[in-house]
Every structure is written in structure tokens, then in C-alpha cells.
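All residue numbers for the sequence shown refer to the UniProt record's numbering, where the first residue is 1 and numbers rise by one. Beta carbons: idealized from backbone N, C-alpha and C, even for Gly. As the structure is a computational prediction, the values presented were derived from the model and not from experiment. Comments concern the structure below.
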Amino acid sequence: MRAAIFTQIGRPLSIEEIKKPEVKGKEVLLKVLATGLCHGDLHIIFGEWKDDIPVNPPRILGHEIVGEITEDTEHFKKGDKVLVYNAFGCGTCKYCKRGYPQFCEKVKILGVQEDGGFAEYVKVPSEDNLIKIDDNENPIKVAPLADAGVTAYNSVKGIEEDSNVALIGTGAVSLIALQILKSRGIKVTVVGRNPIKLNKALELGADRIIQVKQSYSEDFSARIGREKFDYIVDYIGSDETLRDIVWALDRMGELRIVGEFGGRMEIWEQLLVLRGLRIRGILYGSKEDMINVVKLYKEGKIKTLAVPYKLEEINQAIDDLMSGRIIGRAVIIP
Ligand SMILES: [Zn+2]
Ligand SMILES: [Zn+2]
């Protein structure tokens with residue numbers, strides 16, 4: 001089979017002909033129909049996660065997978081199209097039992113610890129993590145739900161309807177989260193640098209956009225004046241976006257950080273206490289979140305903004321993602 005292989009930090013992925021994976025026991029072989037390209041893949045390729053999430057090359061990346069069942073299993077038939085909930089935990093620890101296997105000590109993610117979806121076939125540890133999608137659904141459009149969709153859903157879960165919300169960043173996760181919030185009638189401001197992506201946010205229903213030209217903290221606070229937010233969700237998470245951001249939170253407000261650009265923040269303790277603020281990290285979501293986001297997609301409440309590329313064009317897609325040319329999600333078709 002053909003696969004795009006991560007061979008070394010900083011090098012383009014190498015398109016090679018390799019052996020099809022063999023499955024045994026509970027494992028399931030999927031023919032890959034589409035796999036989304038995530039910023040996480042870029043963090044791996046450029047070595048930005050090498051200390052926390054080591055990925056040992058050679059490795060096939062790609063963790064946002066839609067595939068086709070190649071042999072009947074207990075719950076699926078050959079030819080069924082499935083979306084992969086991509087956190088395979090031990091199933092017995094407290095995180096797995098609570099439905100958040102991404103925090104399991106033994107978690108395996110296809111495309112990180114195991115080979116992923118930038119290939120013609122992928123081996124999945126068990127069918128428990130597969131969700132069937134309708135035959136008439138376009139796999140290219142569905143693939144981003146596997147990570148961007150799940151994460152977006154979790155990142156805005158529980159936000160009350162009378163809230164004032166700011167989303168920082170205009171990538172795929174933020175633009176899906178925006179649509180989820182708007183489907184619930186919540187007021188949303190989107191903050192970012194790229195004018196084309198900000199316009200897309202307006203088109204998708206944002207009540208207001210704020211374009212950052214110099215620094216996030218200054219441009220954002222200059223534009224909002226004395227206004228405060230009940231929730232700020234940061235899909236970037238850099239030094240620059242986090243600086244002074246808590247000052248824009250209203251009493252009992254909550255900062256949720258989703259992006260993984262490795263920023264640090266300094267917080268004045270009394271601000272936290274006197275305003276009763278909360279700060280949370282959001283990493284992926286539960287399988288239930290995935291089922292819910294698929295439901296919203298089927299109801300037509302969200303678009304995934306998929307931009308298709310062939311497997312051979314994956315390095316071009318990486319380049320386009322890095323330079324901000326993709327409005328939504330690049331999706332690789334093997
Ligand atoms: Zn990802
Ligand atoms: Zn576990």
C-alpha cells in the first residue's frame with residue numbers, strides 16, 4: 001500500500017510503497033477513505049512535541065480518520081463507513097471509566113503512538129472506537145469531525161445560552177466551535193489575524209470579528225474596551241495570545257485553552273479569587289462528544305470546511321496549512 005511516512009523531524013513526509021498492516025484478535029483493518037491534517041501533525045513533524053509526546057519514526061501520521069470496514073466484525077459489515085474515535089485507552093483506569101481515555105497513561109492514538117491514516121489502510125486496535133456513518137455521507141467532509149469536531153464540541157460544552165463568548169484563533173476547530181455556539185444562539189466574537197478566515201467566521205454567523213494587527217493582548221483589549229467575556233476559548237495557546245487574556249474575563253468567567261503552541265501565562269492571584277475565575281485545558285473529547293458532533297453535522301448545523309488533497313500532495317497540504325492558506329481543514333485522500 002502507499003503511505004506518507006514521517007522519517008525524521010523537519011523532513012517532508014516520504015511517499016512510499018509498504019506492506020499492508022496485518023490484523024489479529026480484536027484488531028480491525030480499515031481501508032482509509034479520508035484523513036484530516038491537523039496542527040498536531042505539524043507539531044510532530046517539526047519536533048515541537050518531542051519532549052512530551054515522542055513519536056518514533058518511521059511512523060505514518062494522521063489521526064482524523066474515516067475508513068471502510070474490510071471484513072465483517074461483530075458490529076460492522078464489510079463496506080460500512082466508519083469514523084474513528086482516536087483515543088484507545090486501557091479501559092480500566094479512572095480516566096477511561098469516566099470516558100476520557102485521552103488522559104489514560106496507556107493511551108494509544110493512531111497516527112501518534114501507532115500508525116495512522118495517511119495511508120491506504122490502517123489497523124485499528126478494536127471496533128469499540130468506531131462510529132458508523134451513513135453511506136451517503138462524504139468521507140472527506142466527515143473526517144474533520146474525528147478530531148477538530150470532537151475537540152470543538154468539548155471546547156464549548158456547557159456554555160450557558162446567555163453567555164458572551166470570545167474565540168481566539170480562526171483554524172478549523174475554532175470555526176466549528178463557532179457554528180456550534182451559533183446553533184445555540186450564543187453571542188460570539190472571533191479574534192484572529194487572517195482577514196480571509198475572519199470573513200469566513202462572519203459568514204458562519206460570528207456576531208463580531210476582531211482583527212489583530214500587532215499584538216493579541218493590545219489589539220484585543222483596545223477593541224473590547226470595558227466589555228468582559230463569560231468564556232474565552234483560546235485555540236492557539238501561545239505566549240502572545242495568553243498574555244493578559246484573563247483580564248478580559250467577566251466575574252465567574254472561564255478561560256479554556258485548546259491550542260498547543262506552548263505559551264506561558266502569568267496570573268495575578270487576586271484577580272482569580274475576586275472575580276471567581278476558572279482556567280481549564282481542553283484536550284480532545286469523549287466518544288459521546290463525537291456522537292453528538294456527528295449528530296449536529298447530520299442536522300446541517302455545522303460545516304467542516306474540508307479542503308481535499310491527494311496523498312501525493314500531502315507535503316503541499318502541510319505547507320499550505322503552515323502558511324495559513326487553508327480556510328478550514330485539509331483532508332488527505334489516499
Ligand atoms: Zn489533532
Ligand atoms: Zn485507561
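**Message:** If I measure Cβ to Cβ from Ser174 and keep anything under 6 Å in the same chain, skipping five residues before and after, which residues do I get?
**Reply:** Mapped onto the sequence shown, residue 174 falls at position 174. The residues are Leu167 and Tyr235.
**Request:** Check whether the Cβ of Gly89 sits closer than 6 Å to any heavy atom of ligand 2, and report yes or no.
**Result:** By one-based count along the sequence shown, residue 89 stands at place 89. Checking every heavy atom of ligand 2 against the Cβ of Gly89, one is found closer than 6 Å.
**Asked** Whose C-alpha, out of Phe118, Pro57, Tyr85 and Ile9, is nearest the C-alpha of Tyr309?
**Response** Taking the first residue of the sequence shown as position 1, residue 309 is located at position 309. When only C-alpha atoms are compared, the closest one is Phe118.
**Request:** Please report the residue range of the beta strand (DSSP E) in which Leu130 lies.
**Result:** The residue labelled residue 130 in the question sits at position 130 within the sequence shown. Element bounds for Leu130: Leu130 to Ile133.
**Message:** Quick check: is the beta carbon of Arg251 nearer than 7 Å to any beta carbon in chain E?
**Reply:** Among the chains in the structure shown there is no chain E, since it carries only a single protein chain.
**Item:** Neighbouring residues (CB closer than 6 Å to any heavy atom of ligand 1)
**Value:** Cys38, Gly40, His63 and Asp147
**Prompt:** Should Gln102 go down as buried or exposed, given a rule of 16 or more other Cβ atoms within 10 Å for buried?
**Reply:** For the purposes of this step, residue 102 is taken as residue 102 along the sequence shown, with counting starting at 1. When all chains shown are included, Gln102 counts as buried.
**Message:** Tell me whether Ile168, by its Cβ, gets closer than 6 Å to a heavy atom of ligand 3.
**Reply:** In the structure on display, ligand 3 does not appear, and the ligands it does have are ligand 1 and ligand 2.
**Message:** To the nearest angstrom, how far is the alpha carbon of Lys187 from that of Leu145?
**Reply:** If you number the sequence shown from 1, residue 187 lands on position 187. If you number the sequence shown from 1, residue 145 lands on position 145. Using only the alpha carbons, I get a separation of about 23 Å.
**Request:** Could you name the residues of the same chain whose beta carbon sits closer than 6 Å to that of Gly324, not counting the 5 residues immediately before and after it, in chain order?
**Result:** Translated into the one-based positions of the sequence shown, residue 324 becomes position 324. Excluding sequence neighbours, Gly324 sits near Asn194.
**Request:** Starting from the C-beta of Gly89, find all residues in its chain whose C-beta is less than 6 Å away, skip the five residues before and the five after it, and write them out in chain order.
**Result:** Your numbering for residue 89 matches position 89 in the sequence shown. Correct list, in chain order: Cys96, Pro101, Cys104 and Val107.
**Request:** Could you check which residue in Gly67, Ser221 and Gly253 has the C-alpha nearest to that of Arg243?
**Result:** Here residue 243 is taken as the residue at index 243 of the sequence shown, counted from 1. If we check each option's Cα against that of Arg243, Ser221 comes out closest.
**Prompt:** So who's on the other strand from Tyr121, going by DSSP bridges?
**Reply:** Taking the first residue of the sequence shown as 1, we reach residue 121 at position 121. Lys31.
**Request:** Could you tell me whether the region 64-81 touches the region 126-145, using the rule of 3 or more Cβ pairs below 8 Å?
**Result:** yes
**Item:** Where Ala172 sits in the DSSP three-state scheme
**Value:** In the sequence shown, the residue the question calls residue 172 occupies position 172. Helix at Ala172.
**Request:** Assuming Ile69 contacts Ala87 (C-beta within less than 8 Å), just tell me the rounded distance between them.
**Result:** Translated into positions along the sequence shown, residue 69 becomes position 69. Translated into positions along the sequence shown, residue 87 becomes position 87. In fact, because the Cβ distance is near 20 Å, the residues do not count as touching under 8 Å.
**Message:** Once DSSP output is grouped into helix, strand and coil, what is the label at Lys298?
**Reply:** Mapped onto the sequence shown, residue 298 falls at position 298. In this structure, Lys298 counts as helix in the three-state DSSP scheme.
**Separation of Ser14 from Pro139, as counted between CA atoms** = Here residue 139 is taken as the residue at index 139 of the sequence shown, counted from 1. Here residue 14 is taken as the residue at index 14 of the sequence shown, counted from 1. Straight-line Cα distance between these residues: approximately 24 Å.
**Request:** Use the C-beta contact count for Pro334: other C-beta atoms within 10 angstroms, 16 or more gives buried, fewer gives exposed.
**Result:** Within the sequence shown, the letter at position 334 stands for residue 334. Looking at its Cβ environment, which holds 16 or more other Cβ atoms inside 10 Å, Pro334 is buried.
**Item:** Residue from Ile257, Gly263 and Arg226 whose Cα sits closest to the Cα of Glu240
**Value:** Reading the sequence shown from its first residue, position 240 is the one you call residue 240. The shortest C-alpha separation from Glu240 is found at Gly263.
**Prompt:** When DSSP builds the beta bridges, which residues end up paired with Val150?
**Reply:** Residue mapping note: residue 150 aligns to position 150 of the sequence shown, counting from 1. According to DSSP, which records beta bridges pairwise, Val150 is partnered with nothing at all.
**Request:** Quick one: grab the DSSP three-state call for Ala248.
**Result:** Position 248 of the sequence shown, counted from the first residue, corresponds to residue 248. In this structure, Ala248 counts as helix in the three-state DSSP scheme.
**Asked** If we ignore side chains and look at the alpha-carbon of each, how far apart do Ile282 and Val258 end up?
**Response** The residue labelled residue 282 in the question sits at position 282 within the sequence shown. The residue labelled residue 258 in the question sits at position 258 within the sequence shown. Those two C-alpha atoms are separated by around 5 Å.
**Request:** Starting from Val55, trace the beta strand (DSSP E) both ways and give me its first and last residue.
**Result:** Mapped onto the sequence shown, residue 55 falls at position 55. Where Val55 is concerned, there is no enclosing beta strand (DSSP E), given that its DSSP letter is neither H nor E.
**Message:** Looking at the secondary structure, which residues open and close the alpha helix (DSSP H) in which Asp320 lies?
**Reply:** Here residue 320 corresponds to residue number 320 of the sequence shown, with the count starting at 1. Note, Asp320: alpha helix (DSSP H), Ile314 to Met322.
**Request:** Pick helix, strand or coil for Ala177, following the three-state DSSP scheme.
**Result:** Against the sequence shown, residue 177 aligns to sequence position 177. Ala177 falls in the helix class under three-state DSSP.
**Prompt:** Between the beta-carbon of Val124 and the beta-carbon of Val32, is there less than 7 Å?
**Reply:** By one-based count along the sequence shown, residue 124 stands at place 124. By one-based count along the sequence shown, residue 32 stands at place 32. Not in contact: Val124 and Val32 (Cβ atoms no closer than 7 Å).
**Ala206 beta carbon less than 7 Å from that of Val191** = Here residue 191 is taken as the residue at index 191 of the sequence shown, counted from 1. Here residue 206 is taken as the residue at index 206 of the sequence shown, counted from 1. The answer is no: Cβ separation not under 7 Å.
**Request:** Kindly identify the DSSP beta-bridge partner or partners of Arg243.
**Result:** Position 243 of the sequence shown holds residue 243. Looking at the DSSP assignment, Arg243 forms no beta bridge with any residue, so it has no partner.
**Request:** Mark Arg280 as exposed unless 16 or more other C-beta atoms lie within 10 angstroms of its C-beta, in which case mark it buried.
**Result:** If you number the sequence shown from 1, residue 280 lands on position 280. Looking at its Cβ environment, which holds fewer than 16 other Cβ atoms inside 10 Å, Arg280 is exposed.
**Asked** To which residues of the same chain is Glu114 closer than 7 Å at the C-beta, ignoring the five residues directly before and after it?
**Response** Position 114 of the sequence shown, counted from the first residue, corresponds to residue 114. Same-chain partners within the cutoff: Lys108.
**Request:** Mind checking who Asp234 pairs with in its DSSP beta bridge?
**Result:** One-based indexing of the sequence shown puts residue 234 at position 234. Answer is Ile168 and Ile257, bridged to Asp234.
**Asked** Can at least three beta-carbon pairs, one atom from the region 18-26 and one from the region 310-329, be found at a separation below 8 Å?
**Response** no
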